[in-house]
Structure formats: structure tokens, C-alpha cells
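Student:
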Amino acid sequence: MELTRLISVLFFLLVITVGSSASPQHWRKKRVREPCKKLVFYFHDIIYNGHNSKNATSAIVGTPAWGNRTILAGQNHFGDLVVFDDPITLDNNLHSPPVGRAQGFYVYDKKEIFTAWLGFSFVFNSTHHRGSINFAGADPLMNKTRDISVIGGTGDFFMTRGVATLSTDAFEGEVYFRLRADINLFECW
Amino acid sequence: MELTRLISVLFFLLVITVGSSASPQHWRKKRVREPCKKLVFYFHDIIYNGHNSKNATSAIVGTPAWGNRTILAGQNHFGDLVVFDDPITLDNNLHSPPVGRAQGFYVYDKKEIFTAWLGFSFVFNSTHHRGSINFAGADPLMNKTRDISVIGGTGDFFMTRGVATLSTDAFEGEVYFRLRADINLFECW
Amino acid sequence: MELTRLISVLFFLLVITVGSSASPQHWRKKRVREPCKKLVFYFHDIIYNGHNSKNATSAIVGTPAWGNRTILAGQNHFGDLVVFDDPITLDNNLHSPPVGRAQGFYVYDKKEIFTAWLGFSFVFNSTHHRGSINFAGADPLMNKTRDISVIGGTGDFFMTRGVATLSTDAFEGEVYFRLRADINLFECW
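Chains as they are written, first to last, in our numbering: chain A, 128 to 316; chain B, 128 to 316; chain C, 128 to 316.
(1) Only counting the same chain, and skipping five residues up and downstream in sequence, which positions put a Cβ closer than 6 Å to that of residue 235 of chain A?
(2) Using a Cβ-Cβ cutoff of less than 6 Å, which residues in the same chain neighbour residue 202 of chain A once the five nearest sequence positions on both sides are dropped?
(3) From residue 163 of chain A to residue 310 of chain C, what does the alpha carbon distance come to, in whole angstroms?
(4) Report the neighbours of residue 242 of chain A on chain B: residues whose CB is nearer than 9 Å to its CB, in chain order.
(5) Quick check on the DSSP output: the beta strand (DSSP E) that includes residue 281 of chain B runs from which residue to which?
(6) If I measure Cβ to Cβ from residue 241 of chain B and keep anything under 6 Å in the same chain, skipping five residues before and after, which residues do I get?
(7) Enumerated in chain order, which unbroken segments of the alpha helix (DSSP H) with a length of 4 residues or greater are wholly contained in the segment 286 to 310 of chain C?
(8) At which residues does the beta strand (DSSP E) containing residue 201 of chain A begin and terminate?
(9) Would you mind stating whether residue 298 of chain B and residue 227 of chain B have Cβ atoms separated by less than 9 Å?
(10) Would you say residue 275 of chain A lies against chain B (beta-carbon separation less than 9 Å)?
(11) Quick check on the DSSP output: the beta strand (DSSP E) that includes residue 261 of chain C runs from which residue to which?
(12) Quick one: grab the DSSP three-state call for residue 152 of chain B.
(13) Take residue 113 of chain A and list the residues in its own chain whose beta-carbon comes closer than 8 Å to its own, dropping the five residues that flank it on each side.
(14) Could you tell me which chain B residues have their CB closer than 9 Å to the CB of residue 317 of chain A, listed as they occur along the chain?
(15) Can you give me the Cβ contacts of residue 171 of chain B inside the same chain, cut-off strictly under 6 Å, excluding the 5 residues immediately before and after it?
(16) So residue 196 of chain A contacts chain C; which residues on that side make the cut at Cβ distance below 7 Å?
(17) Tell me the rounded alpha-carbon separation between residue 209 of chain B and residue 245 of chain A.
(18) What residues of chain B sit near residue 208 of chain A, judged by a beta carbon separation below 9 Å?
(19) Run down chain B in chain order and give the residues with a C-beta less than 9 Å from the C-beta of residue 205 of chain C.
(20) For residue 160 of chain A, count neighbouring Cβ atoms within 10 angstroms of its own Cβ and tell me buried if that reaches 16, exposed if not.
(21) In chain B, which residues lie less than 7 Å from residue 246 of chain A when you measure between Cβ atoms?
(22) Would residue 285 of chain A pass as an interface residue toward chain C - the criterion being a Cβ-Cβ separation below 9 Å?
(23) Please identify the residue among B/231, B/180, B/216 and B/192 whose C-alpha is closest to the C-alpha of residue 307 of chain B.
(24) What first and last residue would you give for the beta strand (DSSP E) that runs through residue 183 of chain C?
(25) Grouping DSSP H, G and I as helix and E and B as strand, with all else coil, what is residue 160 of chain A?
(26) Rounding to the nearest angstrom, what Cα-Cα distance links residue 248 of chain A and residue 303 of chain C in this structure?
(27) Can the beta-carbon of residue 196 of chain B be found less than 9 Å from the beta-carbon of residue 183 of chain B?
(28) 9 Å is my cut-off, CB to CB: does residue 282 of chain B come that close to chain A?
(29) Report back the beta-carbon spacing between residue 289 of chain C and residue 277 of chain C to the nearest angstrom; my notes put them in contact at under 8 Å.
(30) Applying a beta-carbon distance threshold of less than 9 Å, which residues of chain A neighbour residue 309 of chain C?
(31) As a quick exercise: from B/260, B/255, B/229 and B/211, pick the residue whose alpha carbon is nearest that of residue 279 of chain B.
(32) To the nearest angstrom, how far is the alpha carbon of residue 178 of chain B from that of residue 191 of chain A?
(33) Quick test of your reading: residue 274 of chain C and residue 292 of chain C, contact by CB under 8 Å. State the CB separation rounded to the nearest angstrom.
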């Protein structure tokens, strides 16, 4: 009797197991929104304005017809395309030792308010991290926090995917800003 | 006797189950090409031409040496880089209430025919959808339909991936065009 | 006795199986770093310099304030944005029959050394391959090999992800370079 009940239980468990393994639909539902890795960094952008070529970490390289490349254009900088190579630090101090570089571009893409589209990488080559994390997405700057996509990675971040939450940590005129990036990776290999 | 046969069956099922769980190779083969979500949107692009600053939703911000920023360049616009903030609608009417904005850039990248490379986001902030879908890929404009990649998403579209099929729904001179985007998501979290 | 032991073993296996299926954490660890597809291509970039409009496959379309669009800018070309439509070949001969086109853009993004950020696609439309592979990432040109991300694909490369290792196979002045791309795909549908 005991034996028969035990076998019944086993069979029931088996059916559940086989079912869940065979159905990718089901598998999708099982994915949890727990990050497999969490990282926090700051990066610092100093835009070239015609007078700061020594310190500048970024430059305007495309503008609309009404713009120029040493002053961000009117209409919320719509159309200005900026290339950057910004130091990444572990805290919010521009002068802390950089642990990597944020490299890529952003483009202001709305006339009515400040908003941008970003394509860039965090490039690490230190004892802490080696490899790169690649990002893309919309950055509505006026929101306190903005989510962009982690679209891939290499080295220590091989094949990773996730979401990075950006927030503006400081903003000084139109020359310097500092972003905080809370990176949550949900696919780790 | 019955019992022994039952146990044999159980064991056989177990072997299959354990086998299929342990092999990522096998797992790959099980993926189905059924979208977990399907969406259809239209977006509307009005390029700045020097006279339409009020209505324009996009502007040329980069050109080759032989181009300028108020007229799309010769040689199939090769090298023209356009930044856009286009309204997204549910039907093909430019004047329908927008449900979001398509924001990013495209660049014409071939001298012999019209073709472009796109990096952009659909940004939603309404009762229907909240969040963003990020896209990248080649857009050979002369083909009736063109597939680009959904490379990530945030909010309602957290971590999504898929394919978007673009088709040119209208094309008026070199100022207005309307694209239809059939978005098929194959990874939903 | 025998029967009881067999059932115990079965139960033990079941627990393992159920456990491993239910835990996405565990599933993550099982992923193997074996590519599901390996591809090698070469692509050839001839930058427009004001005199080679017939042969050029790329052009500078954005520059910093101190640059122009027929000569790559000083400071390691920082800020130069280049649009390209390069032939892809199976070997390192520029004159081999192209099997596809590499289309997109790169932007030099560092003042101190040569490094770039790339967003582009391999577009195939032949008997060998039909579809596209989309790439994004940082390209520190002075390294012998550089890894960028495969962020998606269409057609034969539907939904693919992976890593491409780029190496500079030839470099002639500031007009021609040839890259070798070793593409390793780790997600195949």
C-alpha cells in the first residue's frame, strides 16, 4: 500500500517535471527578475566648448543646420551629436582614479525637452574588471531615473544582458555633467 | 509484475527528463519561433528642409563633404545622418493621437541604392504601454519589407528581444515618410 | 528490498531533476561557452579623401570643430564619424567576389590613442547566407584583437547573439584598411 502511494507521488512529480522541461512557453514564465550581477559606476562628461581642449572628454561632431560645434544648439540641443570618452569612477568624484572609460556617442533628439539617444560601451582593463559592457537606448534626461538596455558584453561580461538605470548626479552649466549608472545584469554566462 | 513494469516506465521517463535538462544543446533546439508578443505601430518622419521648422520631426546633422544639412545629398543620400523624434500612431494617420515617440537616428549608407542603418527606441508613457523598445539594424529601403533587431527593452518590455519588420507605408518627396513596424517579440520576461 | 532501493534511487534522481529545472540560477550555470556557429569574414574600407569618390566605400560625415570631412582629424581622429558600405569577402583579397556588405558607422572616440565605437550590420543576400547580423561595441584599434557584441540577427541569423573578434588585417595610410571578423555565435534559434 505504502509502496503504491509512493509510486503515485513519484509519477505525479515526474509528470510535472517532464511537462516543465518540454515547454519553452513555461520556461519563459520561470525567469526571475533577480539580477545575477549588480554594479554601480559614475561617469564624467566635459564637453569641448572651444576653450577647454585640454580637459574636454567629449565633442560635438554633428549639428543641425542651425547649430555649431562649440555651443550646444537651441531647441534643447535637438540634433547635436556628441562623441565621448569619459572616465568611469567608483564614486562621484571626478578626480578619483578611473576604473575604465565610457566610450561612444549620444544625440539630443527632441526639440521640446532634453532627451537623448545613447550608444556606448564601458571599457574595463584593470585588475577589477576586464572586458566591456555595451549599452543602447533612449535617455529622457529630465526624468530622475532612466532605463537603458545592456545589449551585450565581452570578457568578464561575456554575452551579458540587462538594464542600466541612469541618473544625473551633477550638472554644471552646459560643460560638465556626471551620470550614475546602476547596472543590473539578468543574463550572466 | 505490474509494479516492476511501472517502475521501468518511471525510470525511462526519468532518464529522458534528466537528459533533456542537462544538455543546453538540446535546450537550444527546443526554442520555438512563436512570438510571445506581437505589436503593430506606424511612425511618421518629417525632415527639416529649411522651411518647415515648425512641423519637422527630424533633421540632417551629418553629411559627407559634398552634402549640406537642408537638402538630402546626392548618390542616394549616402552619408546623411538624420536625428529624429517621430510620433508613433496606432493607424496610418499622421494626425491620430500619438501613443509614443520613435527617437534615435538613421544614416544613409550606400551610394548605389537607398539603404540606411538605424539605431532608435520606441518610447511609451501612456496607459497602454510604459517603457521602451530598442532597435538596431540595416534597413534596405527599396525592399518591400526589411527586418531589424529588437535588441532590448525596459519597463513593460523589460529585457525583450525580437525582430521588427519595417515597411514603407507612404513616401512623399524627400520630406515625409511613414513606416509601419510589425514587432514580433520572441523573448518576454 | 531491491524494489525499495530502486525506488529510493528513483526518488533521489527526481529530486535532483526537479530542483535543477526549477532554479534559473542553476540553469544559468549550465550554459556552455561552445559556439553554435562560427564564421570568418573580411571587410574592406576605403575612406573618401576628396580624390577617390569612385572607389571610396566610406565617408567622414561628422567631425569635431577642428576637423574637416576629407582628412581624418588630428588627436587620433577623435570625433570623426564615418559611414560605410564595405564589401565582405571570404578571404583577404579586396578583389574577391563580395558575399555581402558591411553597413553602418564608426566614430573615433579617444584623443590619446586610436579607438572607435562601431554600430553596423553584415547584410547577406546570396545562396550562402540570407539575412543580417547586427554588431555594436568598442573597438580599441591598437589591440591585436578586439571583441564586440553580436546584438541580434535576422533571416538565417534570426535572433542570434554572440561575440565577434576583430583584427586589423591590413592598414594602408589613412585610406584603406581591412578587418578580419571571427564571428562566434552562442545563441542560435
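For each residue, glycine too, the CB sits at the ideal point set by N, CA and C.
Please read these numbers as outputs of a predicted model, since none were measured by experiment.
Tutor: Taking the structure as given:
(1) Correct list, in chain order: 204, 205, 207 and 243.
(2) Counting only residues of its own chain and dropping the five nearest sequence neighbours on each side, residue 202 of chain A has a CB closer than 6 Å to the CB of 238.
(3) Cα to Cα, the separation comes out at about 26 Å.
(4) Contact annotation for residue 242 of chain A against chain B: 212, 228, 230 and 250 [CB-CB distance below 9 Å, chain order].
(5) Bounds of the beta strand (DSSP E) holding residue 281 of chain B are 273 to 282.
(6) For residue 241 of chain B, where only same-chain residues beyond five positions count, the Cβ hits under 6 Å are 203, 268 and 269.
(7) Taking only runs of at least 4 residues, no alpha helix (DSSP H) segment lies wholly in the segment 286 to 310 of chain C.
(8) In the DSSP assignment, residue 201 of chain A falls outside any beta strand (DSSP E) and carries neither an H nor an E.
(9) Contact: no.
(10) Proximity of residue 275 of chain A to chain B, defined by a Cβ-Cβ separation below 9 Å, is satisfied.
(11) Residue 261 of chain C -> beta strand (DSSP E) spans 257 to 266.
(12) With a pLDDT of 44 at residue 152 of chain B, under the threshold of 50, the modelled position of that residue is not reliable, and no figure is offered here.
(13) Nothing can be reported for residue 113 of chain A: it is not among the residues displayed for chain A, which extend from 128 to 316.
(14) Here chain A comprises residues numbered 128 to 316, so residue 317 of chain A is not present and cannot be evaluated.
(15) Once the five neighbours on either side are set aside, the close Cβ partners of residue 171 of chain B are 213, 214, 221 and 305.
(16) Chain C residues near residue 196 of chain A: 191 and 192.
(17) Distance from the CA of residue 209 of chain B to the CA of residue 245 of chain A, rounded to the nearest whole angstrom, comes to 15 Å.
(18) Proximity of chain B to residue 208 of chain A at the Cβ level (cut-off 9 Å) is accounted for by 188, 189, 208, 210 and 232, in chain order.
(19) Under a criterion of Cβ atoms nearer than 9 Å, no residue of chain B is adjacent to residue 205 of chain C; the nearest Cβ is some 16 Å distant.
(20) With fewer than 16 other beta carbons inside 10 angstroms of its own, residue 160 of chain A counts as exposed.
(21) When 7 Å is used as the limit between beta carbons, residue 246 of chain A is near these residues of chain B: 246, in chain order.
(22) Residue 285 of chain A counts as touching chain C.
(23) Taking only the C-alpha atoms, the option nearest residue 307 of chain B is B/216.
(24) Counting along the chain, residue 183 of chain C falls outside any beta strand (DSSP E), and DSSP gives it neither H nor E.
(25) Residue 160 of chain A falls in the coil class under three-state DSSP.
(26) Spanning the alpha carbons of residue 248 of chain A and residue 303 of chain C requires a straight line of approximately 26 Å.
(27) It is not a contact, given that the beta carbons lie outside the stated cut-off.
(28) Yes, residue 282 of chain B lies at the interface with chain A (some Cβ there is under 9 Å from its Cβ).
(29) Going by Cβ atoms, the distance from residue 289 of chain C to residue 277 of chain C rounds to 4 Å, so yes, they are a contact pair.
(30) Within chain A, no residue comes near residue 309 of chain C; the closest Cβ sits about 13 Å away, beyond 9 Å.
(31) The shortest Cα separation from residue 279 of chain B among B/260, B/255, B/229 and B/211 belongs to B/260.
(32) Here the C-alpha atom of residue 178 of chain B lies approximately 14 Å from the C-alpha atom of residue 191 of chain A.
(33) The pair is a contact, with the Cβ atoms about 5 Å apart (cut-off 8 Å).
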